[in-house]
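Asks: The structure's right below; bear with me while I get my questions together.
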Amino acid sequence: MTPAGRPWPVAAAASVWCPTPDVARRPHPPTTLQGDTVHSLSPSSSPARRRLLRGLAGAAAALALPARVQAFPSKPITFVLPFPAGGSFDPVMRSLAEATSRELGQAVVLTHKPGAGGVPGTAALATMSESDGYTVALMHNSVLRQPLLQKTAWDPLKDFTYLCGLAGLVTGICVAADAPWKTLGELLADAKARPGQISWGTVGAISINRITAERLARAAAAKFNMIPFKGGGEAFTALIGRHLDVYGDPGFGPQVLGGKVRLLATFSAERLKRFAQVPTVRESGHDFVIDSLVGLVAPKGLDPAVAARLSAAFLKAAEDPEHKRQLDSFDFLAKPMSADAYRRYAVAQLAREKAMLDEIGFKPE
Numbered sequence: 004m005t006p007a008g009r010p011w012p013v014a015a016a017a018s019v020w021c022p023t024p025d026v027a028r029r030p031h032p033p034t035t036l037q038g039d040t041v042h043s044l045s046p047s048s049s050p051a052r053r054r055l056l057r058g059l060a061g062a063a064a065a066l067a068l069p070a071r072v073q074a075f076p077s078k079p080i081t082f083v084l085p086f087p088a089g090g091s092f093d094p095v096m097r098s099l100a101e102a103t104s105r106e107l108g109q110a111v112v113l114t115h116k117p118g119a120g121g122v123p124g125t126a127a128l129a130t131m132s133e134s135d136g137y138t139v140a141l142m143h144n145s146v147l148r149q150p151l152l153q154k155t156a157w158d159p160l161k162d163f164t165y166l167c168g169l170a171g172l173v174t175g176i177c178v179a180a181d182a183p184w185k186t187l188g189e190l191l192a193d194a195k196a197r198p199g200q201i202s203w204g205t206v207g208a209i210s211i212n213r214i215t216a217e218r219l220a221r222a223a224a225a226k227f228n229m230i231p232f233k234g235g236g237e238a239f240t241a242l243i244g245r246h247l248d249v250y251g252d253p254g255f256g257p258q259v260l261g262g263k264v265r266l267l268a269t270f271s272a273e274r275l276k277r278f279a280q281v282p283t284v285r286e287s288g289h290d291f292v293i294d295s296l297v298g299l300v301a302p303k304g305l306d307p308a309v310a311a312r313l314s315a316a317f318l319k320a321a322e323d324p325e326h327k328r329q330l331d332s333f334d335f336l337a338k339p340m341s342a343d344a345y346r347r348y349a350v351a352q353l354a355r356e357k358a359m360l361d362e363i364g365f366k367p368e
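In short: position in the sequence shown from 1, add 3, done, that's the working numbering.
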């Protein structure tokens, strides 16, 4: 109130002055630009605070996942190997299963389901009613090829969840240690002179190894008596027992080093390091190279988060020293591939398989 008892005059709101708080007058904290991200150097961006924020974000993301995904795996996982025990795939994939068990904290149980060139064991996953991540299988080129040979109720590209690529297979041409042929040239010349009298074994009635052997024989004007086997162990037993003349497939390393068989040539692009004295088929005058990769699949419709968990675990396990030792022992080539990369390989390989079948004049059933 004024001394006269009247109220003091009030200025218009637009002209009212208020002091600026000290904090408002402070300059903005400097920033740094790294790549595409602006980083504030204010106290609020301290390492401890950033760790806290990251932790909260991670917790929120975890809560957003279904409970069954967060708990995966909560029981053992079945790993279907579509080839019989005793072959080269057995120790190689068993070592991978053991290493993956340690990564996941649950048992990965290798289960053999052989037959028909290794197709039915893997193909069974294509018709499974549920895809929960607890069943995976080894995928290989014979499964990709099967719909080209006969009508199937499943599609190799649409009815599986591709998880990862694992290894490349090197196919060798082997004969018994005391066989009369010392080189591939000698073998082909004999098969030309005695058409159909020399037996050549492969796994499965129609496989990439069988197709390539047929192409090689035709290029050399030779002819072999092709005999299918259920697995490599059975074929090597027949070869060593003199019930088979030639065997063309992977997994020859231990038999060669044991002095039981002779390696004439390989279908690889380059000579193998530990068999550097053995030429490739290409070096022997015939331009044939077999590109054969194996990987892992699950039934279609698998939750992407579960698929990513499995893929990461198996690829990490593929770096295990014991698994790598087993790969080397059987001359497998380490070929780790992401899910997307392995599926792209499958698409391209299916086209290559069709072209090869067309070349030999194969007509599907």
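Note that the Cβ used here is the ideal one computed from N, Cα and C, for glycine as well.
Please read these numbers as outputs of a predicted model, since none were measured by experiment.
Hey, is the segment 225-238 in contact with the segment 155-163, meaning 3+ C-beta pairs nearer than 8 Å?
Replies: As far as the Cβ criterion goes, the segment 225-238 does not touch the segment 155-163, which means the pair count is below three.
Asks: Do residue 315 and residue 301 have their CB atoms nearer than 8 Å?
Replies: Stepping through the sequence shown from its first residue, residue 315 is reached at position 312. Stepping through the sequence shown from its first residue, residue 301 is reached at position 298. Not a contact, by the Cβ cut-off of 8 Å.
Asks: So does the segment 260-267 actually touch the segment 109-127, counting three or more Cβ pairs closer than 8 Å?
Replies: Because the criterion of three Cβ pairs below 8 Å is not met, the segment 260-267 and the segment 109-127 do not touch.
Asks: Excluding the 5 residues flanking residue 139 on each side, which residues of the same chain have their C-beta closer than 6 Å to its C-beta?
Replies: The sequence position of residue 139 within the sequence shown is 136, counting from 1. Closer than 6 Å at the Cβ level, and outside the excluded window around residue 139, lie 82, 299 and 301.
Asks: Residue 96 by DSSP, collapsed to three states: which one?
Replies: The count along the sequence shown starts at 1 and reaches residue 96 at position 93. Residue state, collapsed to three classes: helix.
Asks: Considering residue 230, what are the terminal residues of the beta strand (DSSP E) in which it resides?
Replies: Along the sequence shown, read from residue 1 onward, the residue named residue 230 stands at position 227. Residues 228-232.
Asks: Using CA coordinates, which residue listed in 208, 192, 118 and 237 is at the minimum distance from residue 225?
Replies: Position 222 of the sequence shown, counted from the start, is the residue given in the question as residue 225. Ranking 208, 192, 118 and 237 by Cα distance to residue 225 puts 192 first.
Asks: Please say whether residue 94 and residue 117 have beta carbons closer to each other than 8 Å?
Replies: On the sequence shown, position 114 is the one that residue 117 refers to. On the sequence shown, position 91 is the one that residue 94 refers to. Not a contact, by the Cβ cut-off of 8 Å.
Asks: Go ahead and label residue 7 buried or exposed: buried means 16 or more other beta carbons lie within 10 angstroms of its beta carbon, across all protein chains shown.
Replies: Numbered from its first residue, the sequence shown carries residue 7 at position 4. Reliability of the predicted coordinates at residue 7 is poor, the pLDDT of 47 falling under 50, and no value is obtained from them.
Asks: According to DSSP, is residue 110 helix, strand or coil?
Replies: The residue labelled residue 110 in the question sits at position 107 within the sequence shown. Three-state result, residue 110: coil.
Asks: Spatial neighbours of residue 297 within its chain, please: C-beta separation below 7 Å, excluding the five flanking residues on both sides.
Replies: What you label residue 297 is simply residue 294 of the sequence shown in a count that begins at 1. Cβ within range, chain order: 141, 142, 143, 169, 170 and 172.
Asks: Determine the DSSP secondary structure at residue 398, reduced to helix, strand or coil.
Replies: Outside the displayed range of the chain (4 to 368) lies residue 398, so it cannot be described from this structure.
Asks: For residue 179, write down the residues that DSSP places opposite it in a beta bridge.
Replies: Locating residue 179 in the sequence shown gives position 176, where the first residue counts as 1. Residue 179 is bridged to 264.
Asks: From what residue to what residue does the alpha helix (DSSP H) around residue 125 run?
Replies: By one-based count along the sequence shown, residue 125 stands at place 122. Unbroken alpha helix (DSSP H) run through residue 125: 122-126.
Asks: What did DSSP end up calling residue 82 once you bin it into helix, strand or coil?
Replies: Position 79 of the sequence shown, counted from the start, is the residue given in the question as residue 82. Three-state DSSP puts residue 82 in a strand.
Asks: On a CA-only basis, which of 88, 349 and 335 is nearest residue 386? Give me that one, please.
Replies: Shown here, the chain extends from 4 to 368; a query on residue 386 therefore has no answer.
Asks: Is residue 268 near residue 249, with beta carbons less than 8 Å apart?
Replies: What you label residue 268 is simply residue 265 of the sequence shown in a count that begins at 1. What you label residue 249 is simply residue 246 of the sequence shown in a count that begins at 1. No, Cβ-Cβ distance for residue 268 and residue 249 is not below 8 Å.
Asks: For residue 1, which residues from the same chain have a beta carbon less than 6 Å from its beta carbon, with the 5 sequence-adjacent residues on both sides left out?
Replies: Residue numbering for the chain in the displayed model covers 4 to 368; residue 1 lies beyond these limits and cannot be assessed.
Asks: Quick one: what's residue 140 bridged to in DSSP?
Replies: Numbered from 1 along the sequence shown, position 137 holds the residue referred to as residue 140. 83 and 300.
Asks: Identify which residue in 106, 131, 211 and 183 has its Cα closest to the Cα of residue 362.
Replies: Translated into the one-based positions of the sequence shown, residue 362 becomes position 359. The shortest Cα separation from residue 362 among 106, 131, 211 and 183 belongs to 211.
Asks: Kindly indicate the opening and closing residues of the beta strand (DSSP E) around residue 215.
Replies: For the purposes of this step, residue 215 is taken as the residue at position 212 of the sequence shown. Taken as a continuous stretch (DSSP letters only), residue 215 belongs to no beta strand (DSSP E), being part of the alpha helix (DSSP H) at 211-222.
Asks: Check whether the Cβ of residue 203 lies closer than 8 Å to any Cβ atom in chain B.
Replies: Among the chains in the structure shown there is no chain B, since it carries only a single protein chain.
Asks: Taking the straight line between their C-alpha atoms, what separation do you get for residue 31 and residue 308?
Replies: On the sequence shown, residue 31 is found 28 positions in, with the first residue counted as 1. On the sequence shown, residue 308 is found 305 positions in, with the first residue counted as 1. Model confidence at residue 31 stands at a pLDDT of 44, short of 50, so the residue's coordinates are unreliable; what they give is reported in the following sentence. Distance between the alpha carbons of residue 31 and residue 308: 41 Å.
Asks: So what's residue 340 in DSSP terms, helix, strand or just coil?
Replies: Position 337 of the sequence shown, counting from 1, holds the residue named residue 340. Three-state DSSP puts residue 340 in a strand.
Asks: Quick check: the Cα distance between residue 130 and residue 183, rounded to an integer number of angstroms?
Replies: Residue 130 sits at position 127 when you count from the first residue of the sequence shown. Residue 183 sits at position 180 when you count from the first residue of the sequence shown. Roughly 48 Å separates the two Cα atoms.
Asks: Going by the CB atoms, is the gap between residue 175 and residue 266 shorter than 8 Å?
Replies: Residue numbering aside, residue 266 sits at position 263 when the sequence shown is read from its first letter. Residue numbering aside, residue 175 sits at position 172 when the sequence shown is read from its first letter. The answer is yes: Cβ separation under 8 Å.
Asks: Pull up the CB-CB distance for residue 320 and residue 103, whole angstroms please, since I reckon it's below 8 Å.
Replies: Taking the sequence shown and counting its residues from 1, one reaches residue 320 at position 317. Taking the sequence shown and counting its residues from 1, one reaches residue 103 at position 100. Confirmed, Cβ separation roughly 4 Å.
Asks: Starting from the C-beta of residue 146, find all residues in its chain whose C-beta is less than 7 Å away, skip the five residues before and the five after it, and write them out in chain order.
Replies: Counting from one through the sequence shown, the residue named residue 146 turns up at place 143. So the list reads 122, 125, 126 and 159, once near-sequence residues are dropped.
Asks: Is the beta carbon of residue 214 less than 8 Å from the beta carbon of residue 359?
Replies: Here residue 214 refers to the residue found at position 211 when the sequence shown is read from its first residue. Here residue 359 refers to the residue found at position 356 when the sequence shown is read from its first residue. Cβ distance < 8 Å, so residue 214 and residue 359 count as in contact.
Asks: For residue 166, name the three-state secondary structure that DSSP assigns.
Replies: Taking the first residue of the sequence shown as position 1, residue 166 is located at position 163. Strand, per DSSP.
Asks: Quick check: what's the CA-CA separation for residue 150 versus residue 344?
Replies: Locating residue 150 in the sequence shown gives position 147, counting from the first residue. Locating residue 344 in the sequence shown gives position 341, counting from the first residue. So the alpha carbons of these two residues sit roughly 22 Å apart.
Asks: Quick one: residues in its chain with C-beta nearer than 7 Å to the C-beta of residue 352, no 5 flanking neighbours on either side, listed in chain order?
Replies: Your numbering for residue 352 matches position 349 in the sequence shown. 144 and 147.
Asks: Taking the beta carbon of residue 200 as the centre, do at least 16 other beta carbons fall within 10 Å, making it buried, or is it exposed?
Replies: Stepping through the sequence shown from its first residue, residue 200 is reached at position 197. Residue 200 is exposed by the Cβ-count criterion.
Asks: Please name the residue in 336, 346, 76 and 330 whose C-alpha comes closest to that of residue 97.
Replies: For the purposes of this step, residue 97 is taken as residue 94 along the sequence shown, with counting starting at 1. Cα-wise, what sits closest to residue 97 is 330.
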